[in-house]
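Protein chains in written order, with the working numbering: chain H, -12 to 391; chain S, 1057 to 1340; chain B, 82 to 321; chain Y, 2 to 573.
Note that the Cβ used here is the ideal one computed from N, Cα and C, for glycine as well.
Have a look at the structure below, then the notes.
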Amino acid sequence: MARRSALRRTYPLTILCAALALAASGCSGDDPSGSEVGPTSAGTEGEPISIGLVTDLSGRFVSFGKDIEAATNLAVERINADGGVNGSMLELVVEDTGGEPEQAVTAVRDLAEDGVFAISGPLSSGEAETVYAQAAQVMVPIMSGTANKDGITELGEGWTFLNQATNTALYTEALPAWMEEYGVSTAALVYDAEEPVSAGAAMGAIPAVAADVGLEIVNADSPITFTRGQTDFATTVQVIGETDADGLIIMSAPTEAGLIAAELARQGETRPIIGHPSQGSQSFFEGGGQEITDWMLPLIFDRDSTEPEVQEFVSAMNEVIAAPPLVAESANYYDSIFMLAEVMRDADINGSTPVEEARETIRAGLLDLSDFPGVTGTISFAGNAEATKTIHLVVVQNGEPTPL
Amino acid sequence: MTQVLLNGVLLGATYALLAVGYTLVFGVMRLLTLAHGQIFMAAGVVSLVITGPGTPFWVAGVCAVAIGAGLSVLTDLLCFRPVGYHRPIPAAVATIGFGLVIHNVIVQLYGSNAVGAPFEVPRADFTVNGVLVSVVQLVSLLITAVVMVATHLFVNRTKWGVAMRAFSEDPEAVAVLGVPTRWLSALTLGIAGALAGLASFLVILRVTSVSPSSGLEIGLIGLAIMTIGGLGSLPGAMAAGIALGVLESVADYRGFGFQAAVPWLLLVVVLLVRPRGLLGARTS
Amino acid sequence: MALLEIDDLCVRYGHVSAVEGVSLTVERGSAVAILGRNGAGKSSLLNTIAGLVRASSGSVRWDGADITRLATAKRARRGVSLVPEGKRIFPALTVAENLRLGGFHVDRSLLPSAVGRIHALFPILAERSSQPAGQLSGGQQQMLAIGRALMAEPTLLLLDEPSTGLAPKIATEVYERLAELRTTGLTLVVVEQQIDRALTLADDVIVLNLGRTVLTERSAALSRDDARIRAAYIGAEATT
Amino acid sequence: MSEASFVLLVINVVAAVGMHLVYVTGQLNLGQAGFLAIGAYVTAVTDARLDWPLPLSLLAGAAAAAVVALPVAFGAARLRGVYLIMGTLAVGEIVRVTIGNLESVGDVQGFSGQSGIDPISVYVVAVLILAGALALMTSATGLRMRSVFDDADAASAAGVATRSVRVLAVVMSAAVVGVAGGLVAEWSLFISPRGFGVEQSFEIALYSLVGGVHSLIGALVGAAGITWLLDGLKDIGDLPFIGESVEGLAPWRLVIYGAVVLLLMVARPEGLITRRLALTATRPLRRGRRRWLARADRVQPVPATAAHPASGDAAVVLEVDAVGHAFGGVQALSGVSMTIRAGESIALIGANGAGKSTLVNVVAGLYPAQQGRVRLNGVEITGLPAHRRTRAGVARTFQSVRVFAHLTVEETIRLGHWAGRGRERESVERLLESLGLLGRRDALPSELTLAEQRRLEIGRAIAAAPAVVLLDEPSAGMNDQEREELAELIRSVPRRGTAVVLVDHNLDFAFDIGERVVVLDFGAVIATGSPAAVMANPRVRDAYLGPEAAAHDSPTGDSTGVPEQRPERLDR
């Protein structure tokens, strides 16, 4: 008994000093928080321009979040390397939300309080919807490079942008190409009923676009669904087998996509499939993706494109991130920073511009930005808060994404 | 339809393996090990990460079992022993903390995306009058059955097994007979952890990957099955596991909108009918 | 040198002192009975010897070595076996399994002979060997509890009220077995409510009242009607 | 800590206060995410679609959560330990999946359109909830809720209807958690079922379990501490000296959080703020309240000289008529009859296992008599459950002292006092004084000596001014001096107009108090009369020394009067 009581006496002490240390960090929370990436080149006199990045470094999307932070830092360093914007250096303030909408709300409000000129992020659609609904109150331009739910920017009443192709934009281009490539006229719809992005695409964009392009969804009234976290898809794939349609539309996150792909291969399913851009990740290619052929994905960034600046960007990223190759969406965040820089250069914004004025000018500048040459192809808002993006169609053949 | 039932039994077998772990620990020590789901996940992820591409697949299996057992024994050393075996609630909360540590260390080290199996899983399937059966599934069903029988024999035949069952009824009387109860708790958790590691490996054999975020969900389903089967009853856990597997497969097949809630609906129905679970011993 | 020496032992549960300043020595091969009415601290003393209860002060020495702080399981390994109050057999386990636990440290090859020895002592256990212990009668359960404690061939057997809850005939039979065991050199310490049984079995007697030693005496010099015993049992003035 | 995180902290505190209301009754409920979701969605829909004013939609959320909680509460009252935990968890998940399937509220994709809430209103709502919870926990209902945590039998013996208290606690807690849900909906302007999953239930549970289940302050400290720790860890890079070097730790904050929870459970299993700590912290508050309360207490003089019935003319208060009871084949009581008159004191003696405790339990209603009838003041009470019997006027104490580990001395007496509503009763202050416990009024039972605990238990029984009080072996485990003080107290009870039935196997103590003696042996009355007459009876002498007659294995076993260390069990 003696050992434990000694243990018990010492533990409260260790807890106490840990708490005191954190108290210091807690109170200091109100001055510019988050880890600053300061200006690298010496001696420029102007106040720094601070830009906020809302990402996930500890939650469900940490693999996406880390690559996004790396790409954003890379862009900031490169801009600062050749003189920054109008003489002021860019300063990136990173907030980690752990993929939780509540934390994203807190992050955006803190960044607004700290006087950032614009916010890049948040990462997931769930967080983006919550944050965009706050935009009108905090009045800061917010641009996500990953959320792709349709109509999400309307929540922000002019303060919110999307440097990512929405589901409708993606499938308006992808569905006809898929139908033509494989001679598909009827399709079966399969999606993850628990995962908001997949459910949103499957119930919103897909049926709408399918009607426009004349694709008949055979099971529109009773789609085949499964739930996030499910590990056994034998029965789901069996139901798919029993549905007669030329092709399959499968909306899900990468993990579930891999599991279904493995099961489809096992049950000898050979019909062409079209999936969701979020499935285009390494874990899908290396996992279930190995065993399937003809799984088309509409992506917004082509890692293997022969464009020199794309190759340069990919190689620069591979040196920085922990587990290359990089996540496709991180390219959007790289372009977002350059777009913000160009808008600020055109409007002569620098570190000493008053915050409200800078935010208002950036908002207007972004809205009429068009034909911006990014690593993800030409991007233009041209009056619409949801950017038109170049869409690269790839077909996954045994784990290899080959351009169409 | 037989295909659906077969799928259900196979899924149920994996659930049962996990639930047996919980039941063993609760049956013997009247304590909840809420880190069990995270241990299941961690055993799978780490076993895939440390086995290189060339190694045969069973090596990963051995690693998974070893890691599962190791982490589970750690639960005894870090949570149950310091807090005290006579304080079930704080001990359970301590395992929640330990589960958080395991989950987030794995996420920080290996990311949040699913980890693919580096080895080639032998894919030999055959159809028997229309029903598609995969060798991997048959082998895993066989392993599960063998392990279930082995656990049953161990608990009922060996001296350590007898000591475990006695411990659940009267821990002091067991100590008075000279049985080293410290080792008893470590052994119980070790076996439970090994079973979780094995279950994780069998799932990997079928789906060739494991996702770091699956720990909490799988853990809760295991807990639900233990409760449905009746606390501390091994046969109850096995039966409830298989039953839930079949029910979920049928629900999938019928396109039942509430798939995610199947385990919970089954649990509520059973508790309304029998507040002690199917085969729960009358303990008061 | 005595087998068991207890020196000025005190046991407190929170504010209640169950045992205060008790000293006792037990010679090898002898039998001591602990008497006293309900709540006199008899069980607390016995459980402290077995290690189930922690002594607040004083010492317990076994064969010269101090075992006051030693854990129960280790004391059992050194030959101290307790038949706890209320028998505390494992009802869901079979008779054979209960015995198997008693002989946990007996290696496999010697098991059959150990079990044989117990079956000879208590034949009923052989008949009911594969039955769950819970289905045995009170007396049979008591014999099982004693048999279980004897599996590890202890040097000292502690018994806590072995006759409570048994019909007189059965209790007598149990005490005859205990007398038989004494011939094999086994040392006994028995806590007993019924004075006559204790006097017939034990060489020495210690009487407790409210945790304190009231009387230590050779059993031969005592009888049921002895004034000192009655005083300890019914309280001072009731004997007028 | 920025304002935005502080608002989140306050909402978490409201949820933690909600859960405290049910945890304080010992029901470990994990269904809170479900009630959070109901509150959030009802508030959001009534605000966005029906345009209700904010306070009304928050109330609607709370009411909806309470209505759903009602059936759950009745179901949960039957469940114990792990079954309760998993049953409530299942309800939470079913609610979340149901909402996920409702097209009308945006199913899995979420719902928005709320008008929003400013931080000040959040703080106002939080303060109101806190004040309400504080008032509740210090009221009689709060005492009854706390008493159910430790020992349901002792609580019902103190006149507490344990089942309805449990149900009430679950419903109230669901309502408060519903309000927290409403605040989340209004603050984040967008809600989706994913936000109300099992992780939320676990986190809210941790607030109380880490903070301390037995005190409202514990829930506050737990919620505020954990939220602030997680927020603080994010900015660990700003720490003055070691900032840069530990900056890399920020993403590892959930690992640190897990480790802290584990360490806290090892260091403080009962939680950071134990009941003891909370009591010391709120002592000044309580002093003020006591002065205010003292005026309101109905103080009436003790009836100086109750008509001490020298002869048998006083009215018969309690009649036990041919009562029989068996435990699995063993006939513990057979045809026991006795009558007790007002203000009389009777000693019920018998050897160990003679059926004394069984008779007390049957008369007090712990379990119903299988044969025979019990009448109080002529009214049949055989079927009445224990708590209704206590309120009717039959109080009892237990063989091993059973007081409430988490109620202070004064609270225990106030609980007993409350059970006697409608009867003229001595004030709590005066009773504490006569029990000699006035100085220990804020102490917890674990800090009292056995004698003090026994006096407290007797005080709790007589506080309700019952017609009869049954004392089950009160002198066990006491030294002579304590025994004399106890005898003095028991003798004073009849003077308060309460008849005493003293059960004991210690003859000199029983004869000292009992004017009349009833002797039980093998569950039957073998002698009644004055102490001297009874001792002269040879059957009594034989039953007592018991060399020949084998004493039956009494369910009570060796009673050292020591309170059993009741280990928390998860399976019952």
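With DSSP run on the structure shown, which of helix, strand or coil describes residue i?
i: tyrosine 1141/S; result: coil
i: asparagine 290/B; result: strand
i: glycine 418/H; result: One cannot answer for residue 418/H here, as it falls past the ends of chain H, which runs -12 to 391.
i: alanine 302/B; result: helix
i: glutamate 34/H; result: coil
i: leucine 1090/S; result: coil
i: methionine 138/Y; result: helix
i: glycine 373/Y; result: strand
i: alanine 181/Y; result: helix
i: threonine 281/Y; result: helix
i: glycine 40/Y; result: helix
i: serine 113/Y; result: strand
i: glycine 233/Y; result: helix
i: threonine 1183/S; result: strand
When you compare each of the options to residue i by their alpha carbons, which one comes out closest?
i: valine 100/B; options: Met479/Y, Ala534/Y and Val520/Y; result: Met479/Y
i: arginine 342/Y; options: Ala500/Y, Val402/Y and Thr281/Y; result: Ala500/Y
i: valine 1157/S; options: Leu57/Y, Pro56/Y and Leu255/Y; result: Leu255/Y
i: leucine 190/Y; options: Val519/Y, Trp53/Y, Tyr42/Y and Val177/Y; result: Tyr42/Y
i: valine 295/B; options: Leu116/B, Asp88/B, Cys91/B and Leu163/B; result: Leu116/B
i: leucine 1322/S; options: Ala1296/S, Asp1308/S, Gly1311/S and Tyr1309/S; result: Ala1296/S
i: alanine 57/H; options: Glu114/H, Gly71/H, Val314/H and Gln151/H; result: Val314/H
i: serine 1269/S; options: Val1163/S, Leu1062/S and Gly1249/S; result: Val1163/S
i: aspartate 363/B; options: Ser124/B, Thr106/B and Ile287/B; result: There is simply no residue 363/B to check, as chain B begins at 82 and stops at 321 in what is shown.
i: leucine 1334/S; options: Met1282/S, Glu1304/S, Ala1316/S and Ala1072/S; result: Met1282/S
Starting from residue i, follow the beta strand (DSSP E) in both directions and report where the run begins and ends.
i: tryptophan 143/B; result: 138 to 143
i: glutamine 384/H; result: 379 to 384
i: proline 264/H; result: Here proline 264/H belongs to no beta strand (DSSP E), and DSSP marks it neither H nor E.
i: tyrosine 84/Y; result: It is not in any beta strand (DSSP E) - tyrosine 84/Y instead sits in the alpha helix (DSSP H) that spans 82 to 101.
i: valine 177/H; result: 173 to 179
i: methionine 130/H; result: 129 to 131
Quick one: which chain B residues come within Cβ less than 7 Å of residue i?
i: histidine 506/Y; result: Asn119
At what residues does the alpha helix (DSSP H) containing residue i begin and finish?
i: glutamate 344/H; result: 342 to 354
i: asparagine 1063/S; result: 1058 to 1085
i: threonine 396/H; result: Here chain H covers residues -12 to 391 and nothing more, so residue 396/H does not appear.
i: isoleucine 1281/S; result: 1271 to 1285
i: glutamine 28/Y; result: Premise fails: glutamine 28/Y is in no alpha helix (DSSP H) and is neither H nor E.
i: phenylalanine 203/Y; result: 199 to 212
If the cut is a Cβ gap below 7 Å, which residues of chain S does residue i touch?
i: leucine 174/B; result: Val1218, Arg1221 and Ala1222
i: threonine 153/B; result: Ala1231 and Val1232
Can you name the residues of chain H whose CB is closer than 7 Å to the CB of residue i?
i: aspartate 1132/S; result: What aspartate 1132/S touches in chain H: nothing, since even the nearest Cβ is about 15 Å away.
Strictly below 8 Å CB to CB, what residues from chain B border residue i?
i: alanine 348/Y; result: Ordered by position in chain B, no residue passes the 8 Å Cβ test against alanine 348/Y, which lies about 13 Å from the chain.
Next on the checklist: If we require 4 or more residues per run, which alpha helix (DSSP H) segments fall completely within the segment 1214 to 1244 of chain S?
Outcome noted: 1215 to 1225 and 1227 to 1232
Next on the checklist: As an exercise, report each continuous alpha helix (DSSP H) stretch of at least 4 residues that is fully enclosed by the segment 272 to 321 of chain H, in chain order.
Outcome noted: 295 to 307
Checklist entry - Counting only runs that start and end within the segment 204 to 267 of chain B, where is the beta strand (DSSP E) found for 3 or more residues in a row? => result 237 to 241
Next on the checklist: Quick check for students: name the residue ranges of the beta strand (DSSP E) that lie wholly in the segment 443 to 474 of chain Y, counting only runs of 3 or more.
Outcome noted: 469 to 473
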